[in-house]
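Asks: Structure below; questions to follow.
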Amino acid sequence: MPNAYISGTGFHVPPRVVTNDALRTEYGIDTTSDWIIQRTGIEERRFAEEGVGTADLALPAARDAIERAGLRPHDLDMILFATLSPDHAFPGSGCYLQAKLGLCDGNDAKFVPALDVRNQCSGFLYSLGAATSMVKSGACKHVLVVGAEKHSAALDLTTRGRTVASLFGDGAGAVVVSATEEDRGVRGWWLGADGRHASVLSQKVWDIKKRNFIPLDEEGRGLVEPSHMWAQMDGKLVFRHAVERMIGALMRACMELSITRDDIDLFFFHQANLRINQYVADQIGIPPERLVSNIQRYGNTTAATIPILLAEAERSGKLERGMKVAMVGFGSGFTWGAAVVDW
Ligand code: ACO
Numbered sequence: 003m004p005n006a007y008i009s010g011t012g013f014h015v016p017p018r019v020v021t022n023d024a025l026r027t028e029y030g031i032d033t034t035s036d037w038i039i040q041r042t043g044i045e046e047r048r049f050a051e052e053g054v055g056t057a058d059l060a061l062p063a064a065r066d067a068i069e070r071a072g073l074r075p076h077d078l079d080m081i082l083f084a085t086l087s088p089d090h091a092f093p094g095s096g097c098y099l100q101a102k103l104g105l106c107d108g109n110d111a112k113f114v115p116a117l118d119v120r121n122q123c124s125g126f127l128y129s130l131g132a133a134t135s136m137v138k139s140g141a142c143k144h145v146l147v148v149g150a151e152k153h154s155a156a157l158d159l160t161t162r163g164r165t166v167a168s169l170f171g172d173g174a175g176a177v178v179v180s181a182t183e184e185d186r187g188v189r190g191w192w193l194g195a196d197g198r199h200a201s202v203l204s205q206k207v208w209d210i211k212k213r214n215f216i217p218l219d220e221e222g223r224g225l226v227e228p229s230h231m232w233a234q235m236d237g238k239l240v241f242r243h244a245v246e247r248m249i250g251a252l253m254r255a256c257m258e259l260s261i262t263r264d265d266i267d268l269f270f271f272h273q274a275n276l277r278i279n280q281y282v283a284d285q286i287g288i289p290p291e292r293l294v295s296n297i298q299r300y301g302n303t304t305a306a307t308i309p310i311l312l313a314e315a316e317r318s319g320k321l322e323r324g325m326k327v328a329m330v331g332f333g334s335g336f337t338w339g340a341a342v343v344d345w
């Protein structure tokens with residue numbers, strides 16, 4: 003059975019920087035930079051322009067990862083696209099990305115399967131687990147795993163929506179998971195979900211139990227209440243469960259691999275809130291220099307946080323071949339996961 007390793011990383015963030023102060027001055031939100039930094043660590047985030055979709059953000063990240071893997075798009079056997087902000091209700095953004103990568107063009111068109119993964123902040127880790135299994139089973143040699151979000155168009159950028167709107171940003175990260183006979187790669191992945199809390203963090207734009215699934219006005223136009231239009235969150239409950247589940251996922255990973263935190267060189271946590279991550283790191287005894295963070299610059303890019311972190315750490319020289327890294331995430335569902343990789 004081959005091992006599955008990460009052969010390339012890539013990322014892309016849109017150029018427009020939106021500082022905490024800009025949320026106040028440009029969007030008129032009643033907030034302060036100090037409030038946001040104290041509770042979340044976020045200083046700024048990126049917002050994509052009008053006309054840019056989620057698959058558009060994913061494209062440069064995917065190309066970057068494919069190129070760094072020494073491959074071309076036609077070498078891919080499958081695309082896994084993790085997002086909670088797909089371009090449309092359907093089809094999945096993975097299909098849009100496949101076409102944008104040129105896989106459907108010319109005589110050598112390769113109609114690889116494209117699967118969207120709807121596991122929010124845990125979407126990248128769920129996808130990494132699935133890609134690893136596809137590679138280890140021999141079904142695929144190279145799987146592109148993308149996490150991409152265009153949150154900015156779906157945030158209530160008013161004082162009413164400030165609790166959620168101040169957290170999120172746009173961006174995309176990608177990795178290629180490839181087969182190798184070398185003794186390296188994904189050593190294990192552990193995923194979980196607790197559907198009892200499915201409504202604690204959700205965006206219920208429509209309700210399919212109802213006819214019509216979106217209420218209509220007299221002329222047949224859809225009417226969506228603000229409470230359904232925008233994401234709703236019980237922040238304190240999310241915080242509590244995130245801490246518990248992330249610690250649990252990491253401890254399980256260590257136990258099953260018979261390693262300790264001291265064997266792990268770098269920790270890549272989902273970037274939802276710097277305070278959550280610092281609390282988890284303190285509880286486990288992870289030294290600050292081994293915890294990688296970029297939430298200060300990008301906010302929470304949901305499925306994209308971990309692959310963006312990996313790509314940046316590799317570019318800066320912090321993440322090197324031979325290191326043992328742990329990735330941990332938690333999000334809506336609730337869902338969570340951890341993975342340990344020998345880089
Ligand atoms: N600026 C100023 N005031 C604000 C802001 C803001 N951006 N947002 C909320 N407030 C106000 C609230 O309106 C409230 O005012 P009130 O007391 O007059 O009603 C007050 O601040 C306190 O609000 P809380 O929601 O109780 O604030 P809390 O201390 O819980 O912090 C936060 C909110 C930062 C969201 C925190 O609960 C948190 O980080 N939770 C984790 C949630 C998370 O990370 N979600 C990301 C998605 S899930 C994931 O990726 C893991």
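In my numbering, the protein residues as written are 3 to 345.
C-beta: ideal position from N, C-alpha, C; glycine also.
In this structure, how does DSSP classify residue 20 when only helix, strand and coil are distinguished?
Replies: Note: residue 20 maps to strand in three-state DSSP.
Asks: At which residues does the beta strand (DSSP E) containing residue 48 begin and terminate?
Replies: Start and end: 46–48.
Asks: Give me the Cβ distance between residue 96 and residue 83, rounded to the nearest whole Å; I'm assuming they're in contact under 8 Å.
Replies: Going by Cβ atoms, the distance from residue 96 to residue 83 rounds to 4 Å, so yes, they are a contact pair.
Asks: Would you give the residue range spanned by the beta strand (DSSP E) that residue 5 belongs to?
Replies: Where residue 5 is concerned, the enclosing beta strand (DSSP E) stretches over 5–14.
Asks: Confirm the yes/no value for this check: CB of residue 68, any heavy atom of the ligand ACO, distance under 8 Å.
Replies: Result no, Cβ not under 8 Å from the ligand ACO.
Asks: What did DSSP end up calling residue 205 once you bin it into helix, strand or coil?
Replies: Coil, per DSSP.
Asks: Where do the ends of the alpha helix (DSSP H) carrying residue 230 lie?
Replies: Counting along the chain, the alpha helix (DSSP H) containing residue 230 begins and ends at 228–231.
Asks: Output the distance between the C-alpha atoms of residue 65 and residue 188, rounded to the nearest integer angstrom.
Replies: Whole-angstrom Cα-Cα distance: 22 Å.
Asks: Sort out for me which residues DSSP pairs residue 148 with in a bridge.
Replies: 83, 176.
Asks: Whole angstroms is fine: what's the gap from residue 79's alpha carbon to residue 36's?
Replies: Straight-line Cα distance between these residues: approximately 47 Å.
Asks: Can you give me the Cβ contacts of residue 262 inside the same chain, cut-off strictly under 8 Å, excluding the 5 residues immediately before and after it?
Replies: Around residue 262: 256.
Asks: Would you call the CB atoms of residue 121 and residue 250 closer than 9 Å?
Replies: No, they are not a contact pair.
Asks: How big is the Cα-Cα spacing for residue 170 and residue 303?
Replies: Taking the straight line joining both Cα atoms gives about 6 Å.
Asks: What does the alpha-carbon distance come out to for the pair residue 62 and residue 151?
Replies: Distance between the alpha carbons of residue 62 and residue 151: 13 Å.
Asks: Can you name, in chain order, every residue of its own chain whose Cβ lies under 7 Å from the Cβ of residue 134, other than the five neighbours on each side?
Replies: The residues are 6, 179, 188, 191.
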